[in-house]
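Residue numbers (this note's numbering): 4 to 507.
Written as structure tokens, this is what we have:
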């Protein structure tokens with residue numbers, strides 16, 4: 004099939020080498036701006052080398068408290084320069100979750116001192132890892148309630164970064180906003196293309212303040228040229244610009260969105276603003292495929308078609324980047340991604356079913372159903388499973404269900420996504436467990452029955468606090484509804500679709 008043509012790109016130099024080459028050639032250029040304070044490439048390279056020396060050669064897994072600060076970038080590059088594996092951990096996560104993440108990656112890479120690392124993955128032979136390390140380990144949501152560690156190689160991330168520099172057209176004159184959480188792979192789309200192209204990476208507290216007036220003023224003050232935003236945030240930004248009759252600064256030339264479907268109504272609004280000079284690039288990708296695999300210019304100077312954005316219009320996710328091998332399953336329409344940038348797999352062998360082989364090539368089964376237009380652009384047609392995108396973060400409802408089901412007051416639970424305005428919220432439908440005391444009290448009409456009813460009313464709030472102590476914020480439902488029963492399919496599985504229709 005034409006979709007399975009070999010990738011057109013060749014191998015890329017390791018990213019630490021690319022960064023240090025820029026630093027040697029132009030040490031005086033600004034590498035990072037942090038709240039107005041500039042750090043040159045030479046000074047940043049010195050800090051990276053010191054971080055690498057502190058770690059020592061081939062340090063293995065290096066957990067890093069990843070926050071919006073240049074020191075996180077220093078630790079990332081320092082880990083790689085030392086030959087280690089970067090493992091970002093959000094310090095705001097509950098202690099139980101942080102411990103689970105560290106425990107999950109413990110068996111991922113097995114090596115003895117001075118020997119190459121060996122990755123063990125179900126269904127495949129052990130893969131020797133060049134240079135003794137993976138590039139990084141990130142976590143995605145899984146139905147078991149345990150974080151799923153994704154193992155990504157240095158070659159995979161280097162391949163993707165090279166493709167993104169070309170896609171975004173990054174030059175040394177660009178100033179790239181650092182906006183994404185440094186615990187998600189989207190941050191690599193901002194950091195790595197910028198610092199391997201000689202551009203400036205901008206950290207600014209006003210970007211994370213939750214205020215659109217501050218955000219727009221920051222874009223102008225810091226002369227931002229490229230901003231990579233979650234689609235849900237972009238939706239709200241467009242609403243603000245329209246309602247407040249505000250304009251984006253003249254320096255801004257490219258806005259990248261991704262993480263979930265763009266709403267046609269917001270694209271229609273964007274088209275009415277003074278944005279004709281700005282590239283609006285819609286992107287698609289998974290953690291397991293190493294950042295972006297597909298992209299398309301929806302608006303702006305490089306858009307190939309003018310679209311009348313109506314509610315019925317399906318917003319495309321784009322064409323494959325040059326390094327991507329794509330396959331669309333003939334029966335299900337599911338998109339499979341192959342090529343040199345797919346991840347090596349999961350740390351846990353029993354999770355490897357998403358990675359498969361076809362005609363001798365490895366593919367990742369994305370779970371997304373797509374349709375290919377005549378021009379080769381893909382359009383998203385829904386999921387082949389129940390996985391959701393909540394503000395750009397992938398959430399498996401089964402993971403939230405597993406945590407809620409462990410609460411002693413929960414008898415049964417179903418978790419689903421509900422559309423609310425321009426975004427999707429996470430909703431849980433809970434059947435409370437009936438204790439013997441409650442059943443007796445209900446039958447006699449005693450005061451104990453009133454007490455039990457009051458306890459049921461507070462259960463939703465109790466469950467929110469229970470989850471907050473165990474999982475990150477994106478896994479805590481925005482809505483918890485107590486119901487008498489759930490709907491099930493004929494095969495006995497929870498029917499999330501019917502639950503949403505009847506109870507939402």
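Every residue gets a Cβ at the ideal spot worked out from N, C-alpha and C, and that includes glycine.
- Item | residue 69 to residue 81 span [Cα, whole Å] | The alpha-carbon atoms of residue 69 and residue 81 are separated by roughly 14 Å.
- Message: Give me the DSSP bridge partner(s) of residue 313.
- Response: DSSP lists no partner for residue 313.
- Task: Quick one: using the 10 Å Cβ neighbour count with 16 as the cut-off for buried, is residue 471 buried or exposed?
- Result: Per the 10 Å Cβ criterion, exposed.
- Task: Would you mind working out which of 244, 181, 100, 212 sits nearest residue 143, comparing C-alpha positions?
- Result: When only C-alpha atoms are compared, the closest one is 100.
- Message: Using 8 Å as the threshold, is the C-beta distance between residue 178 and residue 250 below it?
- Response: Not in contact: residue 178 and residue 250 (Cβ atoms no closer than 8 Å).
- Item | Runs of beta strand (DSSP E) wholly within the segment 380 to 433 (minimum 3 residues, chain order) | Entirely contained in the segment 380 to 433, the beta strand (DSSP E) runs reaching 3 residues are, in chain order, 381 to 386, 391 to 393, 396 to 398, 413 to 423.
- Start and end of the alpha helix (DSSP H) containing residue 242? Element bounds for residue 242: 234 to 246.
- Task: Inspect the beta-carbon positions of residue 207 and residue 38 and report whether they are closer than 8 Å.
- Result: For residue 207 and residue 38, yes; Cβs fall inside 8 Å.
- Message: Rounding to the nearest angstrom, what Cα-Cα distance links residue 376 and residue 23 in this structure?
- Response: When only Cα atoms are considered, residue 376 and residue 23 end up about 42 Å apart.
- What's the gap between the Cα of residue 267 and the Cα of residue 254? So the two alpha carbons sit approximately 26 Å from each other.
- Query: Just curious, the beta strand (DSSP E) that residue 187 is in, first and last residue?
  - Reply: If you look at residue 187, you'll find it isn't in any beta strand (DSSP E); DSSP assigns it neither H nor E.
- Query: What is the rounded straight-line gap between the Cα of residue 79 and the Cα of residue 89?
  - Reply: One Cα belongs to residue 79, the other to residue 89, and the distance between them is close to 6 Å.
- Task: Please confirm if the segment 422 to 436 is in contact with the segment 366 to 380, defined as three or more CB-CB distances below 8 Å between the two stretches.
- Result: Taking a contact to require three or more Cβ pairs closer than 8 Å, the segment 422 to 436 and the segment 366 to 380 do not qualify as touching.
- Per DSSP, which one or two residues make a beta bridge with residue 289? Residue 289 has no beta-bridge partner at all, per DSSP.
- Unbroken alpha helix (DSSP H) run spanning residue 163, endpoints: Looking at the DSSP string, the run of the alpha helix (DSSP H) that includes residue 163 is 157 to 171.
- Message: So, with DSSP's three-state summary, where would you put residue 319?
- Response: Correct three-state label for residue 319: strand.
- Where do the N-terminal and C-terminal ends of the beta strand (DSSP E) with residue 66 fall, by residue? Membership of residue 66 in the beta strand (DSSP E) is indicated by the continuous run 64 to 68.
- Message: Could you compute how far the alpha carbon of residue 128 sits from the alpha carbon of residue 337?
- Response: With a pLDDT of 33 at residue 128, under the threshold of 50, the modelled position of that residue is not reliable, and the figure given next carries that caveat. For residue 128 and residue 337, the distance between alpha carbons rounds to 27 Å.
- Item | 8 Å Cβ cutoff met for residue 294 and residue 192 | Yes. Within cutoff.
- Please confirm whether any heavy atom of the ligand HEM lies closer than 7 Å to the CB of residue 304. As far as ligands go, the structure on display features none, and thus does not contain the ligand HEM.
- Helix, strand or coil: how does DSSP classify residue 2 here? Missing from the structure shown is residue 2; the chain here goes from 4 to 507 and no further.
- Message: Please return the same chain residues whose Cβ sits closer than 6 Å to the Cβ of residue 385, not counting the five positions on each side in sequence.
- Response: Beyond the five residues adjoining it in sequence on each side, residue 385 comes within less than 6 Å, by CB distance, of 372 in the same chain, given in chain order.
- Cβ of residue 141 within 8 Å of Cβ of residue 153? Yes; because the gap between Cβ atoms is below 8 Å, this pair is in contact.
- Query: Roughly how many whole angstroms lie between the Cα atoms of residue 258 and residue 74?
  - Reply: Near 26 Å, if we compare the C-alpha coordinates of residue 74 and residue 258.
- Item | Burial state of residue 184, where buried means 16 or more other Cβ atoms lie within 10 Å | Taking all protein chains in view, the Cβ of residue 184 is crowded by 16 or more other Cβ atoms within 10 Å, so the residue is classified as buried.
- Could you check the C-alpha separation between residue 306 and residue 167 for me, to the nearest Å? Between residue 306 and residue 167, the C-alpha separation is close to 17 Å.
- Query: What's the gap between the Cα of residue 444 and the Cα of residue 418?
  - Reply: Interpretation of residue 444 is limited by its pLDDT of 39, a score under 50 that renders its predicted location unreliable; the figure taken from the coordinates is listed afterwards. The alpha-carbon atoms of residue 444 and residue 418 are separated by roughly 30 Å.
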